[in-house]
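A.B. asks: What follows is a structure written as structure tokens; I'll ask about it next.
Residue numbers (the UniProt record's numbering): 1 to 234.
This is how it looks when you write it as structure tokens:
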């Protein structure tokens with residue numbers, strides 16, 4: 001599917017007449033955030049808002065207390081109950097009541113409470129993260145709250161390269177970045193892999209979606225969402 005086709009599909013959700021939740025899942029580094037930001041940018045702030053799962057990272061101080069700081073990014077280092085509660089609020093907006101969702105600051109590697117306002121009249125909420133389709137008890141309610149789920153995947157070698165680059169950009173030494181990706185991130189990638197079969201749409205990127213800026217170019221000509229497959233299950 002082309003970026004325009006993906007945008008058209010998201011637009012149909014936004015035009016359905018009621019609040020819809022679109023979930024974008026996949027392994028670390030596959031391009032989930034890039035795709036979500038492209039869709040929100042193309043639809044505009046009155047039509048769509050991005051609420052990332054990463055806003056529900058546990059703070060480092062709590063991870064340290066739990067002995068989980070070295071596994072940051074694994075399912076048990078998030079608050080799935082809080083995330084599910086937020087999705088329930090977003091699913092049924094109340095007139096005149098904005099919802100303030102947490103964001104995630106990459107430079108700090110910390111969640112930021114109340115940093116994303118979601119107006120009650122915005123028709124489409126896009127949420128993205130690794131664990132939206134994880135079939136574990138704390139996460140299972142998430143998929144039930146989403147109106148549609150997309151799975152994003154990328155060639156493993158390219159995805160790993162992107163992850164290492166990302167960790168280096170945010171302060172890790174090259175050797176530490178590679179070690180983290182090949183242990184922590186790739187363990188998480190294997191853990192979420194079965195979720196692919198539960199997605200309504202599978203999007204296989206043929207190029208690194210992070211190499212382009214889909215919000216600044218003609219989506220019909222760029223490759224942020226150009227795929228080698230567009231398996232549809234709904």
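Cβ atoms here follow ideal geometry from the backbone N, Cα and C, with glycine treated the same way.
Rounded C-beta distance between residue 45 and residue 139? I'm assuming under 8 Å.
C.D. replies: Along the chain shown, read from residue 1 onward, the residue named residue 45 stands at position 45. Along the chain shown, read from residue 1 onward, the residue named residue 139 stands at position 139. Not a contact, Cβ separation roughly 29 Å.
A.B. asks: Sort 2, 130, 43 by Cα distance to residue 26 and report the nearest one.
C.D. replies: Mapped onto the chain shown, residue 26 falls at position 26. Comparing Cα-Cα distances from residue 26 to each of 2, 130, 43, the minimum goes to 130.
A.B. asks: At what residues does the alpha helix (DSSP H) containing residue 190 begin and finish?
C.D. replies: Taking the first residue of the chain shown as position 1, residue 190 is located at position 190. Residue 190 -> alpha helix (DSSP H) spans 186–192.
A.B. asks: Quick check: residue 123 and residue 14, are their CB atoms within less than 7 Å of each other?
C.D. replies: As a working note, residue 123 is residue 123 in the chain shown. As a working note, residue 14 is residue 14 in the chain shown. Contact annotation: residue 123 and residue 14 have beta-carbon atoms nearer than 7 Å.
A.B. asks: Pull the bridge partners of residue 110 from the DSSP assignment, please.
C.D. replies: As a working mapping, residue 110 is identified with position 110 in the chain shown. Answer is 105, bridged to residue 110.
A.B. asks: Between residue 31 and residue 154, which are expected to be in contact by the criterion C-beta below 8 Å, what is the C-beta distance as a whole number of angstroms?
C.D. replies: Position 31 of the chain shown, counted from the first residue, corresponds to residue 31. Position 154 of the chain shown, counted from the first residue, corresponds to residue 154. So it is a contact: roughly 6 Å between Cβ atoms.
A.B. asks: Find the nearest neighbour of residue 163 within the set 151, 148, 149, 184, judged by alpha-carbon distance.
C.D. replies: The residue you call residue 163 lines up with position 163 of the chain shown. The candidate whose alpha carbon is nearest that of residue 163 is 184.
A.B. asks: Does the contact criterion of 3 or more C-beta pairs under 8 Å hold for the segment 172–179 versus the segment 52–62?
C.D. replies: no
A.B. asks: Determine whether the beta carbon atoms of residue 120 and residue 95 lie at a separation below 7 Å.
C.D. replies: In the chain shown, residue 120 corresponds to position 120, counting from 1. In the chain shown, residue 95 corresponds to position 95, counting from 1. Contact flag set, yes.
A.B. asks: Considering just the uninterrupted stretch of the beta strand (DSSP E) at residue 204, what are its terminal residues?
C.D. replies: Along the chain shown, read from residue 1 onward, the residue named residue 204 stands at position 204. Residue 204 -> beta strand (DSSP E) spans 201–205.
A.B. asks: Could you check which residue in 65, 68, 63, 78 has the C-alpha nearest to that of residue 52?
C.D. replies: As a position in the chain shown, residue 52 is number 52, starting the count at 1. Selected option, being the one with the closest Cα: 78.
A.B. asks: Straight-line CA distance for residue 181 to residue 146?
C.D. replies: Walking along the chain shown from the start, residue 181 turns up at place 181. Walking along the chain shown from the start, residue 146 turns up at place 146. When rounded, the distance between both Cα atoms is 29 Å.
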